[in-house]
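Under our numbering, the first residue of the sequence shown is numbered 21, with each subsequent residue one higher. For glycine and all other residues, C-beta sits at the position ideal for the given N, C-alpha and C.
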Amino acid sequence: MNKQIVRPPQIKKNGKNGHPNLGPVDDLEMHLNPDWWRKIFNSMYLRTDADVVEDRQITRNEVEIFISVLNTGKDSAILDLACGQGRHSIEMARQDFSNITGLDRSHYLIRKAKSAANQENLKITFKEGDARKLPFPADTFDVVMILGNSFGYFESNEDDMMVLNEVFRVLKPEGIFLIDVADGSFLRERFLPRSWEWIDKKYFVCRERSLAKDNERLISREVISHVEKGIVVDQFYAERLYTTEMLIDMFKKSGYKNITIHDKIAGSSTRNQDLGMMERRIIMSAKVLKEWTPVKAKRTGEKNVAVLMGDPGKPDIIKPSNIFDDDDFITIDKLKISLSRIQGTRFTYFNSHNTLFNDLVRNRYKIDYVFNLCDEGFNNEARKELHIPALLELLGIPYSGSGPQSLAYCYDKSLIRGVAKEIGVPVAEAFFVRSEDTVFDLNIDFPVIAKPNFADSSYGITKKSVANSIEELNDAILKIRHDFGYESSILVEEFLTGKEISVGIIGNPPESYTVLPVIEEDYSMLPPDLPKICGYEAKWEPDSPYFNLLRSIPAELPEYVEKQIIENCVKLFTRLECRDYCRFDFRLNGSGAPRLLEVNPNPGWCWDGHMAKMGRLANISYSRLLEMILQAAEQRIAQSKTDVPLTNPIRREVTSLPV
21 MNKQIVRPPQ IKKNGKNGHP NLGPVDDLEM HLNPDWWRKI FNSMYLRTDA DVVEDRQITR
81 NEVEIFISVL NTGKDSAILD LACGQGRHSI EMARQDFSNI TGLDRSHYLI RKAKSAANQE
141 NLKITFKEGD ARKLPFPADT FDVVMILGNS FGYFESNEDD MMVLNEVFRV LKPEGIFLID
201 VADGSFLRER FLPRSWEWID KKYFVCRERS LAKDNERLIS REVISHVEKG IVVDQFYAER
261 LYTTEMLIDM FKKSGYKNIT IHDKIAGSST RNQDLGMMER RIIMSAKVLK EWTPVKAKRT
321 GEKNVAVLMG DPGKPDIIKP SNIFDDDDFI TIDKLKISLS RIQGTRFTYF NSHNTLFNDL
381 VRNRYKIDYV FNLCDEGFNN EARKELHIPA LLELLGIPYS GSGPQSLAYC YDKSLIRGVA
441 KEIGVPVAEA FFVRSEDTVF DLNIDFPVIA KPNFADSSYG ITKKSVANSI EELNDAILKI
501 RHDFGYESSI LVEEFLTGKE ISVGIIGNPP ESYTVLPVIE EDYSMLPPDL PKICGYEAKW
561 EPDSPYFNLL RSIPAELPEY VEKQIIENCV KLFTRLECRD YCRFDFRLNG SGAPRLLEVN
621 PNPGWCWDGH MAKMGRLANI SYSRLLEMIL QAAEQRIAQS KTDVPLTNPI RREVTSLPV
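Here you go:
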């Protein structure tokens, strides 16, 4: 039988940057990703829509209309939902409105909003969050606004109803909801199937539009080009075309009263060209007539938390002497002291793995949850780290940190590389050496670094792991096998020479999380003949130059690089189902582009570890850092008891802590 080689269709590339170009397409809807909103609201969005969203006079005119409709006091609690870069919030703050919160799903736009408000010393709280699952208690706001045509982006009408219901929940009795949304009737009849315009002297945009098959959404395609670079963006997006009648019906179903249609806004632009969705908009307001939500009685008494740790009475091959030493017991003492400073919580410690199952069974109805700090693994075997949460799940005991599946994924460095590439996170070039392999194809350039594929805590990674020749690579592999007794697969990666970066996240994307200050390893004091790595010697060998001379310092990165790294961390956190806290390690290549090294769920919790170092840069004490992790776990556990999965989870509350 003859074999036929089938090649996948080749996507054209255009311009010097080689950006993929689909060329003509017959059906725009076929190319629309359900989660298109994840990537589109970025710097290029501000570039293409700057004639409207960056025009201060247009914003000022719109805000005058909104203030007139609202007729509310300047100290009213106002939520600007889907606020984008905060243009309406900022203009209202300029007019002395003093209690404004802005929320949007775009990390980039929220950072822009914070920066703009800080430059003018305006006190506005900007957060990221999901409009269908608002991170606020009931009866919080006097006013909620969705302005600038920011409604109707979700895949289904049910998701939009969730937004309306959430707005109803967070509004106080007698609260006002104001929405400014595209006039669906007008757009359905008047949209331009094709248009193009100059954005500035270098960029221009071509647009195509068509109605979806159900006639309910307008699908748009934007191809943005640079006169020298060629096509730089080719993107598809959609908006549901709501008519006045449809909106009124939805408002009534959600319980709103006093629904009022105000004068429609006719869009304008300094470029005076294609206004698209902004050409004509419906302005509608409604009131929330409800009783105050009953306040649940606060729980009295202490929370009982079981702290589960490694077993100091058992061997641990990760440690230099294969046993817990004085430094380990000092670290445990510092942990206990710091936890004792957390008010309202009583901690009980479990570290005997021989009796662990019986101890948990006996105490499971006495504890609220487990603080899982057993990163050593069951019986101090790293590969059995996942056994601890698996046991807790079998017993029905809530716990902090990632679940068994996430821990299993992240223990496999090669697997993580595949997941990262699948979701668009760049990784270093590498190849895989199985334990039975006696020869292998060297398909990357030297220098390279050899790592145990299944290991953590930098086990097996030493100065000898970096190789500049085939002989040194063979020696590196032999050292891992002989000196560390490691007999499984080895990952050989290109050795990157740029900055080594670590990012810590506490919380649970996409809903609520904190990005700790990004750090980099400072190798400047190392002898020049030593390879610049943060490996086993830096963590476990006190006599090593790495241990004594290596420091972690605030990362100095271009803004766009740091933004890219953080966005990739959030993507990985979500895709790998990490929970409560996680650390991500990257390294820059020779061109300054970041490449993922590792994902560390349930990362090292010790007082002098990377997470603690990041916290100190933000003036977060070790005790407070531990408390933040516990609070993230408590919030997640409480939410899981009542949570209903979202169709398309997208928005998030995030705080980026400055250095």
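Beta-carbon proximity check, residue i vs residue j, cutoff 8 Å
i: Phe129; j: Gly168; result: The question names Phe, but residue 129 in the sequence shown is Leu. Not closer than 8 Å, so no.
i: Pro537; j: Met634; result: yes
i: Ile98; j: Asn81; result: no
i: Ser96; j: Asp162; result: yes
i: Val201; j: Arg152; result: no
i: Val89; j: Leu198; result: yes
i: Asp254; j: Val325; result: no
i: Ile268; j: Lys284; result: no
i: Ile586; j: Val535; result: yes
i: Arg599; j: Gly524; result: no
i: Leu328; j: Phe370; result: yes
i: Phe188; j: Ser274; result: yes
i: Pro446; j: Pro335; result: no
Where residue i sits in the DSSP three-state scheme
i: Ala652; result: helix
i: Met329; result: coil
i: Lys583; result: helix
i: Glu413; result: helix
i: Phe398; result: helix
i: Cys598; result: coil
i: Ser289; result: At Ser289 the pLDDT is 49, less than 50, meaning the model places this residue with poor confidence and gives no usable figure here.
i: Met304; result: strand
i: Pro614; result: strand
i: Tyr680; result: The displayed coordinates of the chain run from 21 to 679. Any statement about residue 680 would go beyond what the structure contains.
i: Leu493; result: helix
i: Gln659; result: helix
i: Asn324; result: strand
i: Pro314; result: coil
i: Glu513; result: strand
i: His373; result: coil
i: Ala232; result: coil
i: Glu541; result: strand
i: Gly122; result: strand
i: Ala448; result: coil
i: Lys483; result: helix
i: Arg454; result: coil
i: Ile500; result: helix
i: Arg384; result: coil
i: Asp589; result: Here the sequence assigns Cys to residue 589, which means Asp is not the residue at that position. In the structure shown, Cys589 sits in a helix (DSSP, three-state: H, G or I).
i: Lys15; result: Within the shown structure, residues of the chain are numbered from 21 to 679, placing residue 15 beyond reach of any answer.
i: Leu646; result: helix
i: Pro548; result: coil
Near the ligand ZN: residue i beta-carbon under 7 Å from a heavy atom
i: Ala202; result: The ligand ZN is not among the ligands present in this structure, which contains no ligands whatsoever.
Host alpha helix (DSSP H) of residue i (start-end)
i: Thr79; result: 76-90
i: Leu577; result: Element bounds for Leu577: n/a, residue is neither H nor E.
i: Ser360; result: 346-360
i: Tyr533; result: Note, Tyr533: premise wrong, no alpha helix (DSSP H); beta strand (DSSP E) at 532-535.
i: Leu427; result: 424-431
i: Glu557; result: 556-560
i: Gly106; result: Where Gly106 is concerned, there is no enclosing alpha helix (DSSP H), given that its DSSP letter is neither H nor E.
i: Ile130; result: 127-139
i: Phe567; result: 565-569
i: Gly635; result: 630-637
Run of the beta strand (DSSP E) containing residue i, from where it starts to where it stops
i: Ile98; result: 98-101
i: Gly524; result: 520-528
i: Leu393; result: Note, Leu393: premise wrong, no beta strand (DSSP E); not H, not E.
i: Ser245; result: 237-246
i: Asp254; result: 250-260
i: Ala470; result: 468-472
i: Thr264; result: Run containing Thr264: none in the beta strand (DSSP E); it sits in the alpha helix (DSSP H), 264-273.
Stretch-stretch touch, CB-based, cutoff 8 Å, three pairs: the stretch 488-498 with the stretch 417-428: no
Uninterrupted alpha helix (DSSP H) stretches inside the stretch 142-223 (no shorter than 4 residues): 177-190, 204-210
Please confirm if the stretch 466-485 is in contact with the stretch 543-556, defined as three or more CB-CB distances below 8 Å between the two stretches. yes
Touching or not, the stretch 506-516 and the stretch 439-457, by the rule of three or more beta carbon pairs under 8 Å? yes
Taking contact to mean 3 or more Cβ pairs, one atom from each stretch, closer than 8 Å, check whether the stretch 615-626 and the stretch 432-444 are in contact. yes
Mind the definition here: the stretch 350-370 touches the stretch 642-657 only if three or more C-beta pairs lie below 8 Å; say whether that holds. yes
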